[in-house]
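Using full-length UniProt numbering, the first residue of the sequence shown is number 1, and each one after it goes up by one.
Just so you know, even glycine gets a beta-carbon here, dropped at the ideal spot from N, CA and C.
Remember, predicted model here, so these are calculated numbers, not experimental data.
Accompanying notes for the structure given below.
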Amino acid sequence: MQADYLPRHRFIEERLKGCGDNDVDSIILLWELIAEEIISIIGEGGFNSLYERSEFLTQKTFPWLVVTSSSSKQADERFSLLRLCREKQTSAEWFEANLKLLLTFTDILVMLIGEQLTIRILISAWENDTEATYGAGFTNEH
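In structure tokens form, the structure reads like this:
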């Protein structure tokens, strides 16, 4: 997937690439950080709704991607199915599915709250990692 038409998409793609295809823990951590930020704003139910809708839309491209279940909505289990999907796919397939899932998630968020606020949420969620990767000025430029 080439995420080249929005700065947010490029930022997300670069952030995921920075984790590496095989670094499942780092990619899951990105999701956990976003979840924490979103849940603090709209609650766990709101996050779960966005995540489930993103999964549904992403499954059109990656039908094997099953990331939610009624039992995986607790914080400690939220991304367990996403992790399990990695075990059944190549690194490249899993990376592309994660990228599509995250882009879809943020696209839905943009429709609800706008591009600028979505970017601020991403930066806030990934602030420490963003500064380490892109420099302290990045968070002030966007």
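Closest in C-alpha terms to T104, from the list L65, R83 and R53, comes R53. L117 carries a helical assignment under DSSP once its states are collapsed to helix, strand and coil. Here I38 is buried. Its C-beta has 16 or more other C-beta atoms within 10 Å. With fewer than 16 other beta carbons inside 10 angstroms of its own, I41 counts as exposed.
Residue range V24 to T58 is occupied by the alpha helix (DSSP H) that includes G43. Note on E55: 16 or more other CB atoms within 10 angstroms of its CB, so buried under the neighbour-count rule.
Secondary structure note for R83: its alpha helix (DSSP H) is the uninterrupted segment S80 to E87.
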